[in-house]
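Numbering (my numbering), first residue to last: 357 to 958. Cβ atoms here follow ideal geometry from the backbone N, Cα and C, with glycine treated the same way. The structure displayed is predicted, hence computed values, not measured ones. To start, the structure under review is shown below, and the notes come after it.
Next comes the structure, spelled out in structure tokens:
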């Protein structure tokens, strides 16, 4: 609700300010260029996110120091903690990296944010940076006009840097002009009230602009032209960190469990760091003065001192936070839980995941596994067996034989709530992902996963038909009929158990052979039952109507089994599937084996 009114408010406020004070024009233009440059940088890095970035993230988060280093270096290079946080949330959401690793990246990204202050304070305001911006814009546009996605990405990067330089130039000019009109430093407030007031102002500015980098740029430019005092500038920079946490928290509201937990960790870290910086601002100022002597920073160089202060209080916050990361992870998992609704909701399909191809595929794969898990429970109850029994090592034949009642399950209603709704979400999400240029490389994998989702739906639809006759004949007083339906139930129950075990194991070439073996056994059992029923009809040992119903149900069993086997095969990862395809038997080969064994039996 709050975000709905933010944009109109900002637009009206900006229009009024520019109308009554033309001296703000250059400053506003600088902020606009700076933010647009950051957007170009994000778009540029997304063009390269389909390969190296995901690989680095996945391989560099198994140790806390690696996660911190990754977050720091990524933010330093990209100058966008927003992009780093967004990608981190998408990877945690799709369970490609652990929550603790994601928290480590966020901590490192917060420290990396201070590098922007060093670059601007040390270089941006001391040279004519605007003269470097124009050739970058020319080359950036030229690269952007090419057809290659990679070259376009490079063009966005060059454009982004160019607009960042232009933004810095115009903000510097804007504050210089502003100084000639009136002196903002006259409104400076010292002491505790000054720290509180300017921290709040820094938080508000960052929240409105959605960028702590832009806020720091404004603060440094204002400090360079004497528009704010050194102490007030430090408080503004503290507020910038808290403002970015507010933005992250609002974004986390729409994320899934992983996203909410990462956002919560970011908020906790920012709150702790902000409170520490506010309480210890005077000791930190003393520490900055002491360190400045050893770093060769002049006593009056408040720009570099501000950058040093930024780094110092963010590192201090990270050092205090690090020993408690595992405990915080446990608390986040304990208190931020998924709340189920009447209609099944996706657990992994959220907008943040759409940023990179790898996270899209991983999230969809997880969601299809979620769908399979729902179908597993529904199919088990459709067979009047407890899920726990199928997942255990208990004798399935004994459980089937000792069945005394058919579970009164509403398969149609369960299908609508647990299967159809989730399948629709998967299809819609895949369609949205395929519309994005950044995820085109994952089209084939997404197609296979969508087909797996359809297979699971097909299996449950088969159970809808099968359960009707199971309810009528499953506990028939006719031993021949009861025996045939016991065979059907046992056949499917064993298949569910085998598939569950295969999904839990590490896939290999043996997995493909196991799936082919299951498919072969299903077809053999179906052929054997059909021949048996033909014989019983021929010798009038079974009513033709009931025998026909059993034949139809056996066809449903075959459809259910084949759909489930196909879905499990698709859930193998791309690499594993590539190594096992050579072992797969096609339908013709399986049918030949069935016919051969059938002829041998005769």
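In this structure the segment 871-884 does not lie against the segment 770-782, because fewer than three pairs of beta carbons, one per stretch, are closer than 8 angstroms. When the Cα atoms are used, residue 892 and residue 885 turn out to be separated by approximately 10 angstroms. Look at residue 807 here: in three-state DSSP terms it is helix. In the DSSP assignment, residue 854 falls within the unbroken alpha helix (DSSP H) covering 835-860. Between residue 625 and residue 705, the C-beta spacing is not below 9 angstroms. Under the three-state reduction of DSSP, residue 750 is assigned to coil, being neither helix nor strand. Per DSSP, residue 678 lies in no alpha helix (DSSP H) and is assigned neither H nor E.
Taking each of 750, 739 and 752 in turn and checking the Cα distance to residue 761, the smallest one comes out for 739.
Just measuring C-alpha positions, the residue of 783, 440, 746 and 453 sitting nearest residue 806 is 783. With the rule of 3 Cβ pairs closer than 8 angstroms, the segment 744-756 counts as touching the segment 837-856.
Boundaries cannot be given for residue 927, as no alpha helix (DSSP H) includes it and DSSP labels it neither H nor E. In the assembly as shown, residue 703 is a buried residue. Its beta-carbon has 16 or more other beta-carbons within 10 Å.
Contact annotation: the segment 456-471 touches the segment 661-678, with at least three C-beta pairs closer than 8 angstroms. Minimum Cα-Cα distance from residue 848 among the listed residues 559, 384, 915 and 382 corresponds to 915. With fewer than 16 other beta carbons inside 10 angstroms of its own, residue 654 counts as exposed. The segment 741-750 and the segment 823-839 do not touch, with fewer than three beta-carbon pairs separated by less than 8 angstroms. Judged by their CB atoms, residue 554 and residue 382 are not nearer to each other than the 9 angstroms cut-off. Residue environment: residue 722 is assigned as buried (16 or more neighbouring CB atoms within 10 Å of its CB, all protein chains considered). With a cutoff of 9 angstroms on beta-carbon distance, residue 924 and residue 822 are scored as not near each other. A distance of 9 angstroms or more separates the beta carbons of residue 819 and residue 688. Of the residues assessed, residue 770 falls on the buried side of the cut-off, its CB having 16 or more other CB atoms within 10 angstroms. Along the length of the segment 860-923, whole alpha helix (DSSP H) runs at least 4 residues long occupy 865-894, reported in chain order.
Here residue 812 has 724, 727, 728, 731, 775, 779, 919, 920 and 923 as same chain residues with Cβ atoms under 8 angstroms from its own Cβ, once five neighbours each way along the sequence are excluded.
Per DSSP, residue 729 is one residue of the alpha helix (DSSP H) stretching across 713-738.
Judged by DSSP in its simplified three-state form, residue 382 adopts helix. Non-local beta-carbon contacts of residue 906 in its own chain, meaning distances under 7 angstroms to residues more than five positions away in sequence, involve 840 and 889 in chain order. Each residue's CA atom was taken as its position, placing residue 431 and residue 800 some 32 angstroms apart. Comparing alpha carbon positions, the residue from 836, 657, 577 and 879 closest to residue 851 is 879. Between residue 642 and residue 592, the C-beta spacing is not below 9 angstroms. When secondary structure is reduced to three states using DSSP, residue 661 falls in the helix class. Between residue 637 and the set 650, 861, 664 and 804, the nearest pair of CA atoms involves 664. CA-CA distance, residue 690 to residue 628, rounds to 21 angstroms. Straight-line measurement puts the Cα of residue 385 at about 15 angstroms from the Cα of residue 578. For residue 858, the number of other beta carbons within 10 angstroms of its own is at least 16, and it is reported as buried. No Cβ-Cβ contact shorter than 9 angstroms links residue 618 with residue 601.
The C-beta of residue 909 has 16 or more other C-beta atoms within 10 Å across all chains shown, which makes the residue buried.
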